[in-house]
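Those sequence lines, one after another, are chains A and W. Numbered by this note's numbering, the letters in the first sequence go through residues 1288 to 1763 in order. Numbered by this note's numbering, the letters in the second sequence go through residues 7 to 80 in order. Quick notes on the structure that follows.
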Amino acid sequence: MTAVVTSQSQHREAEEIFDPGSFRDPGGRVFELDGHVLRTVNRQLADDFGWVQASGLLDALADAGKCVRTAETRLAHAAQFPSAWKVLESERVPYITYPYEWTFAALKRAALFHLDLHLEVLGRGGNLIDASAYNVQFRGAAPVFIDVLSLRRYRDGEVWAGHRQFCEQFLNPLLLRACLGIPHNAWYRGALEGIRSAELLPLLRLRHKASWSVLMHLVAPEMLARSAVAGRVAQDRVAARAALPKKSLVAMLQGLRRFISALRPARARPSQWADYAIDNTYAVEEAERKRAVVQGFVERARPARVLDLGCNTGEYAELMLRAGASSAVGLEADPQAAEQAFERAANGRLDFLPLVMDAANASPSQGWRNAERPSFAERARFDAVVALAFEHHLAIGRNVPLAQVIAWIVEFAPRGLIEFVPKGDPTIRRMLALRDLPLEDYSESSFRSLLAARARITREDRISATGRTLFAFERA
Amino acid sequence: MSRAFAVLILAACASPAYAYLDPGTGSVILQSLIGIAAIGAAAVGTFFGRIKAFFLGTKEAPKSPPTGDTVQRQ
């Protein structure tokens, strides 16, 4: 897609290859061409989006770091969209993630960010026409809004069209964890549009429903929807008065903000791995040796973007960022460890985003045509991959053949660092306490030869008396 | 019948602004009720303000500063 196309058929072709996740709003589409993020705006939005551009809202939000910087493009690529009213170019977010991969704290932060953004936009005479969690992305632990076409001119009395979407994509997943202690990730991944109030309400207890916000945003809309379907609401009277004063809209947003600010995860069960950083099998000097090897790897490789597989509470991600890596994305299957990692990133203002994800079941490509939300691997753009105390969780914990574990890790980046944990290690003995798994093929020598078949081993550092070894590699 | 009813409500509630998202019947009815309550509360407030002004013999404070015209008439 380097040449600028000119014929009508080629124009049509260019206009059909939009980002598979941008089909919903016919007001415009997103295209990724030659590394540029372009967004077409159709003529039907000329009045509305013209107002947004003239109001200075886009620049004001971008200056404050709240929205990706967006302006009309001067690229020749614009010629590929002759039917568009405007072609914009947006700043690229380094790594796209989805709410079903976020920690509770990240989802809560995104929800509060969306409400604050809506209030600010209303204050400037604009409005947000939707409330999709997918429109919020993260730079480290800081949220940023990416969908500028959600911004419109405010019209007196218009209802909040995104109310239900906000509840399904932000409020209900947070309530699932806050009321019942269930992480939202698995349910949300299976229901991309979010958790429906009709499905959540039967699970909530009476004491959860005895809350003004739950009554107002979940119980009442569900009852009214049922009454409407059953014909018990006088539709003509309701319809004649379907106007929401701006003050009431602002009060709704502020009320939700207060309610969500106070939500905390309920019933934190003892976590298997959240205390790993302080309760592990390393002696003090072994831990220091491991830190030195990781630091040396980053100082030599100078990676811009690092993937930390099994990031736990983010101790090593922080070390790598302090050693010179520009940004890090972490994968952690244990929700509590991931929460602590997010807290570390937020408190330290680190460019580190830990995601709740089981490596043996990483996010698949899904949604419309299985392309709307690309898989974790498809989105991966990393300069280095680090897998510390990780491979044995797949190779032994999940019975994945060692060769496949190595192939999977090595594919993520041109260079990396993998810790091999030998079978005599106390952690593996604990994992095998209740089962008798034959481990003939699991050895340091087989690990070495399997890795050497896929990459050049540049360094080996033994870091523990039990034989744990860090292998640095570079792909051929 | 029920579907036609829901469509009626949504069509009647539809804002003239461009909207691609289905806001959901329950949410729109809820917001309509909030809107009615807000307008009702404002009306009640104005009514009591007038009664109070009548009995106390005071005038309501002007909601906006006097315009140039008013100053000229004085």
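Positions of the beta carbon are idealized from the N, C-alpha and C atoms, including for glycine. Note that the structure is a prediction, hence the values are computed from the model and not measured.
Three-state class that DSSP yields for residue i in the structure shown
i: residue 1754/A; result: coil
i: residue 1313/A; result: coil
i: residue 1533/A; result: helix
i: residue 1463/A; result: helix
i: residue 1598/A; result: coil
i: residue 52/W; result: helix
i: residue 1744/A; result: strand
i: residue 1708/A; result: coil
i: residue 1355/A; result: coil
i: residue 31/W; result: helix
i: residue 1516/A; result: helix
i: residue 1674/A; result: strand
i: residue 1471/A; result: coil
i: residue 1422/A; result: helix
i: residue 1761/A; result: strand
i: residue 1319/A; result: strand
i: residue 1291/A; result: Because the pLDDT at residue 1291/A is just 43, under 50, the model does not fix this residue reliably, and the value given afterwards should be weighed accordingly. In the structure shown, residue 1291/A sits in coil (DSSP, three-state: anything other than H, G, I, E or B).
i: residue 1639/A; result: strand
i: residue 1648/A; result: helix
i: residue 1438/A; result: strand
9 Å Cβ cut-off: residues of chain W touching residue i
i: residue 1739/A; result: Residues of chain W passing the Cβ test: none, with the nearest at roughly 54 Å.
i: residue 1509/A; result: 32
i: residue 1450/A; result: 29, 30, 33, 34, 36, 37
i: residue 1532/A; result: 40, 41, 44, 45, 48
Cutoff 8 Å: residue i Cβ touching any chain A Cβ
i: residue 50/W; result: no
i: residue 55/W; result: no
i: residue 62/W; result: no
Partner residues on chain W for residue i, Cβ-Cβ distance less than 7 Å
i: residue 1535/A; result: 40, 41, 44
i: residue 1417/A; result: 27
i: residue 1311/A; result: 26
i: residue 1520/A; result: 35
Chain W contact for residue i (CB, 8 Å cutoff)
i: residue 1435/A; result: no
i: residue 1456/A; result: no
i: residue 1655/A; result: no
i: residue 1314/A; result: yes
i: residue 1328/A; result: no
i: residue 1392/A; result: no
i: residue 1446/A; result: yes
i: residue 1305/A; result: no
i: residue 1478/A; result: no
i: residue 1574/A; result: no
i: residue 1333/A; result: no
i: residue 1363/A; result: no
i: residue 1512/A; result: yes
i: residue 1420/A; result: no
i: residue 1529/A; result: yes
i: residue 1515/A; result: yes
Contact under 8 Å by Cβ, residue i with residue j
i: residue 1344/A; j: residue 1413/A; result: yes
i: residue 27/W; j: residue 1417/A; result: yes
i: residue 1580/A; j: residue 1390/A; result: no
i: residue 1614/A; j: residue 1468/A; result: no
i: residue 1373/A; j: residue 1404/A; result: no
i: residue 1731/A; j: residue 1754/A; result: yes
i: residue 1511/A; j: residue 1501/A; result: no
i: residue 1479/A; j: residue 1654/A; result: yes
i: residue 1637/A; j: residue 1605/A; result: yes
i: residue 1394/A; j: residue 1461/A; result: yes
i: residue 1355/A; j: residue 1482/A; result: no
i: residue 1667/A; j: residue 1594/A; result: yes
i: residue 1475/A; j: residue 1369/A; result: no
i: residue 1424/A; j: residue 1435/A; result: no
i: residue 1670/A; j: residue 1587/A; result: no
i: residue 1516/A; j: residue 34/W; result: no
i: residue 1490/A; j: residue 1505/A; result: no
Unbroken stretches of the beta strand (DSSP E), 3 residues or longer, contained in the region 1714 to 1742 of chain A = none
Hey, which unbroken runs of the alpha helix (DSSP H) at 4 residues or more fall wholly within the region 1571 to 1621 of chain A?
-> 1571 to 1588, 1602 to 1609
Pick out the complete alpha helix (DSSP H) segments inside the region 1340 to 1398 of chain A, 4 residues or longer, and give them in chain order.
-> 1344 to 1350
Which ranges does the beta strand (DSSP E) cover as unbroken runs of at least 3 residues, wholly within the region 1471 to 1505 of chain A, from first to last along the chain?
-> none
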